[in-house]
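Asker:
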Amino acid sequence: MPQAAGSATDNVARLVAPGIAKSLGQAVVVDNRPGGALTIGIDAVAKSPPDGYTIGMGPVGALAITRHMVEKLPYDIERDLQPVALITTGYMLLAVSPKTEFHSVRQLIDFAKKNPGKLSNASSSNGSPGHVSGELFKYMAGVDIVHVPYKGGAPAIADLIAGNVELMFESTNSIAPHVKNGRVRALAVTGTKRATSLPEVPTMIEAGVPGYEVTAWTGVIAPAGLPRPVLDRLNQAVNFSISESTTKERLVQLGSEGGGGTPEDYAQLIRRDSAKWAEVIKRSGAKID
């Protein structure tokens, strides 16, 4: 797990791990290896024996974003990693501290334009979807907001609740509960349609940022060189887990949609979004601080 406990990706891993274990008849342990802009955990997977006993979570930040922000990765994503299966897709949510006076995206943009550099945008880490979502927002809205990376989503959300930072782009599956209990204020979701878990929250496009769209996803990866029968067995286990009714229902409650499909489907998604984020990062000037 390349992110800290309590992060959006960690939440998904702990949700699907029991189903994977049930399918395989083998215990599945979630081992958090955060840090290094997601590279520490991914590197641990890339350098493990390709025997099927070490698998990893592959979020969009690690597989399609960080590669364009870190000058030299300790691994090559295409050469050293094997996509296994997509677990889930979802949206990011732009939330603000309830201690702010912002009740709309327009109010936030207007303040940011009048007060460049006065607002802070928290994220779960450098190179995370929250980081580049904020950079894309800054570029498209024409505002100057300071990025503040944390070691995981949980401490970033805690500081948002406390008012130590003013805003945050975070996966709906980790921040939606805080919206529902009033600890943070939701301004917009980043998809082309509203999130099923937060139907009252507008999209960024509806809120006044035309063309803004960010999709977050995560799946299971393994070291390259995995024998095809082992790869197929792991793919089957992931698909089994996310198809269980309780898991599927919980993913919907978190504002996510189930993934599934073949290793090739997941590999195609990684390539497509990597190309997209390469262009966004180049255009917005986002980089690892």
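Going by the working numbering, the first residue of the sequence shown is number -6, and it counts up by one from there.
Glycine is no exception: its CB is placed at the ideal position from the N, C-alpha and C atoms.
If I measure Cβ to Cβ from F233 and keep anything under 7 Å in the same chain, skipping five residues before and after, which residues do I get?
Answerer: So the list reads G12, S16, once near-sequence residues are dropped.
Asker: Do you know whose CA, among V21, A268, Q261, N119, lies nearest G28's CA?
Answerer: Among V21, A268, Q261, N119, the Cα nearest to that of G28 belongs to N119.
Asker: Please give me, in chain order, every unbroken run of the beta strand (DSSP E) with length at least 3 that falls completely inside the stretch 87 to 132.
Answerer: The qualifying runs are 113 to 116.
Asker: Going by CA-CA distance only, name the one from K275, E199, G218, R276 that's closest to D44.
Answerer: Nearest C-alpha to D44: G218.
Asker: What are the partner residues of Q75, as DSSP defines its beta bridges?
Answerer: Answer is A215.
Asker: Spell out a yes or no on whether the stretch 70 to 77 and the stretch 143 to 155 are touching, meaning 3 or more CB-CB pairs, one atom from each, closer than 8 Å.
Answerer: They do not touch, by the three-pair rule.
Asker: Excluding sequence positions up to five away, which residues of its chain have a Cβ less than 6 Å from the Cβ of S249?
Answerer: T81, G83, N166.
Asker: Can you pull the DSSP bridge partners for H61?
Answerer: H61 is not bridged to any residue.
Asker: So, helix, strand or coil for P192, using DSSP?
Answerer: P192: coil per DSSP, three-state reduction.
Asker: Going by C-alpha to C-alpha distance, which of A155, A181, N108, L153 sits closest to V136?
Answerer: Ranking A155, A181, N108, L153 by Cα distance to V136 puts N108 first.
Asker: Would you mind reading off the limits of the alpha helix (DSSP H) that contains S164?
Answerer: Element bounds for S164: not the alpha helix (DSSP H) but the beta strand (DSSP E), 160 to 164.
Asker: Quick one: Cα of M133 to Cα of Y205, how far?
Answerer: Approximately 8 Å between the Cα atoms of the pair.
Asker: If distances are taken between C-alpha atoms only, which option among A230, I154, S41 comes closest to T255?
Answerer: Closest option to T255, Cα to Cα, is A230.
Asker: Using the beta-carbon count (16 or more within 10 Å), is Q19 buried or exposed?
Answerer: With fewer than 16 other Cβ atoms within 10 Å, it is exposed.
Asker: Flag this pair as touching only if the stretch 207 to 221 and the stretch 33 to 43 have three or more C-beta atom pairs under 8 Å; answer yes or no.
Answerer: As far as the Cβ criterion goes, the stretch 207 to 221 touches the stretch 33 to 43, which means the pair count is three or higher.
Asker: Are G50 and F162 close, meaning C-beta to C-beta below 8 Å?
Answerer: As written in the sequence, residue 50 is Met, which differs from the Gly given in the question. No, these two residues do not count as a Cβ contact at 8 Å.
Asker: By the 10 Å Cβ neighbour count, where 16 or more other Cβ atoms means buried, how is D24 classified, buried or exposed?
Answerer: With fewer than 16 Cβ atoms within 10 Å of its Cβ, D24 is classed as exposed.
Asker: Report the residue from I235, L87, N228, A215 whose alpha carbon sits nearest the alpha carbon of R187.
Answerer: That would be L87, whose Cα lies nearest to the Cα of R187.
Asker: Could you tell me the distance, in whole angstroms, from the CA atom of S97 to the CA atom of I168?
Answerer: Roughly 18 Å separates the two Cα atoms.
Asker: Kindly list the residues whose CB is nearer than 7 Å to the CB of D266, restricted to its own chain and excluding five residues on each side of it in sequence; keep chain order.
Answerer: Here the set comprises V53, A57.
Asker: Going by the beta-carbon positions, is the gap between N228 and A10 smaller than 8 Å?
Answerer: No; because the gap between Cβ atoms is not below 8 Å, this pair is not in contact.
Asker: Which value, in whole angstroms, describes the spacing of the CA atoms of M62 and W270?
Answerer: Roughly 10 Å separates the two Cα atoms.
Asker: Bridge partners of S249, per DSSP?
Answerer: Per DSSP, G83.
Asker: CA-CA distance, A260 and S117?
Answerer: Cα to Cα, the separation comes out at about 25 Å.
Asker: Mind checking G110: buried by the 16 CB within 10 Å criterion, or exposed?
Answerer: Exposed, because fewer than 16 other Cβ atoms sit within 10 Å of the Cβ of G110.
Asker: Within the continuous alpha helix (DSSP H) that includes P148, where are the two ends?
Answerer: First-last of the alpha helix (DSSP H) with P148: 146 to 155.
Asker: Helix, strand or coil, according to DSSP, for L180 in the structure here?
Answerer: DSSP places L180 in strand when its eight states are reduced to three.
Asker: Once you ignore the five residues that flank A179 on each side, which residues in its own chain have a CB closer than 7 Å to its CB?
Answerer: Here the set comprises L86, A88, V172, L191, V194.
Asker: Need the endpoints of the alpha helix (DSSP H) that P203 sits in, please.
Answerer: Looking at the DSSP string, P203 is not in any alpha helix (DSSP H), and its letter there is neither H nor E.
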